[in-house]
Structure formats: C-alpha cells, structure tokens
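So the sequence shown is residues 138 to 286, counted in my numbering. Every residue gets a Cβ at the ideal spot worked out from N, C-alpha and C, and that includes glycine. Keep in mind the model is a prediction, meaning the values are calculated, not measured. Reading through the structure tokens given below for one structure.
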Amino acid sequence: KQWYQRRVRGVSAQHSDGNAVPELEMCEQGTETYYITIRTSTEAFAWSDGIWPRMTIYGAKGKTKTGVLDNKGHNDFRKGQDDTFTIPGMKFVGKVKCVEVDVMGSDKWKFDYIEVHCDRYRSAYTRMNDDDVWLSANSNEGSTSVKLC
Numbered sequence: 138k139q140w141y142q143r144r145v146r147g148v149s150a151q152h153s154d155g156n157a158v159p160e161l162e163m164c165e166q167g168t169e170t171y172y173i174t175i176r177t178s179t180e181a182f183a184w185s186d187g188i189w190p191r192m193t194i195y196g197a198k199g200k201t202k203t204g205v206l207d208n209k210g211h212n213d214f215r216k217g218q219d220d221t222f223t224i225p226g227m228k229f230v231g232k233v234k235c236v237e238v239d240v241m242g243s244d245k246w247k248f249d250y251i252e253v254h255c256d257r258y259r260s261a262y263t264r265m266n267d268d269d270v271w272l273s274a275n276s277n278e279g280s281t282s283v284k285l286c
C-alpha cells in the first residue's frame, strides 16, 4: 500500500517553526499505478528543478492527486527534457477527462505537454499547453495552477 501526505508541510514539535505541524495526516488512495510524462518547454528560462508540481487526475469515476512529482537524484524539468514519473498506489479514476497541475516551488516553469496513462487504460491522455501558461507559486511570474481538459 502507498500512503500520501495530504499537504506538503514540515513536522516539528516546536511552535516557532512557521508552517510546520506536530503530526501529519496521511491518506490511502488505491492500487492503481499512473505514468505521467511531462515535456519542459525549450523556451528561455522555462526549466526549473525547484517548482514542486503536483497533479490532480480527473476521470469518469472521480479524482486522485499525486504527491510532488520528483525523480529523486535527478534534475527534473530541464529545458526540452521529457520526465516520466511512475506513481503507484493511486485511486483508479476510469478514463481520464482532465488533469490539473499546481506548483509550490520558488521558481517559474513552462511545459509543452503532459501525458497520463495507467495500467488499466494504456491509451494515453495527452494535453498540450496551448495557452502558453507559465506556472509559479509567485503570482507575479505565472499561475499557481492550470487545468487541462
């Protein structure tokens, strides 16, 4: 089984640690494995390894949300690079209808496309960034999220 932290927060017994909490709420989602491929744009300054994106996958049978998309030990989201993430333990949502990406990091980032599929539906759900959306936790640099349907 896979367990996911619902909100990205630090854990600390000290009340002075800002946004940290004394305990974490963890949730179990399901048994499905999703495969997510994202191509970072080749535009100048489009890449970032500090953007911390998460994805909500919407389907005919509900929705499921990933943790932070990160391949440990690898510089993700580099200019023109395809990054693939294997996410086990997710809820099966049926045929994918939409994906929403939200970011929390300290940088801005732009992707060209996102592709999602799971073991039960091998046909990929692909969406292009046709509106040229830049993502950033800083609203002066871009949007904090984008929903592609």
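Lysine 247 has its alpha-carbon roughly 18 Å from the corresponding atom of histidine 211. Counting other Cβ atoms within 10 Å of its Cβ, proline 190 reaches 16 or more and is therefore classed as buried. By the neighbour-count definition (other C-beta atoms within 10 Å, threshold 16), asparagine 277 is an exposed residue. Around the beta carbon of threonine 221, a 10 Å sphere encloses fewer than 16 other beta carbons of the protein chains shown; the residue is thus reported as exposed. Within 10 angstroms of the beta-carbon of methionine 227 lie 16 or more other beta-carbons, which makes it buried. The C-beta separation of glycine 187 from glycine 242 comes to about 4 Å, placing the pair in contact by the 8 Å criterion. In this structure, the alpha-carbon of arginine 257 lies about 37 Å from that of asparagine 275. Between the beta-carbon of threonine 177 and that of lysine 232 there is about 27 Å, and that puts the pair past the 8 Å contact cut. Taking 8 Å as the cut-off, the Cβ atoms of tyrosine 172 and histidine 254 count as close. Of the other Cβ atoms in all chains shown, 16 or more fall within 10 Å of the Cβ of asparagine 266; this residue is therefore buried.
Counting of Cβ neighbours within 10 angstroms places threonine 168 among the exposed residues, the total staying below 16.
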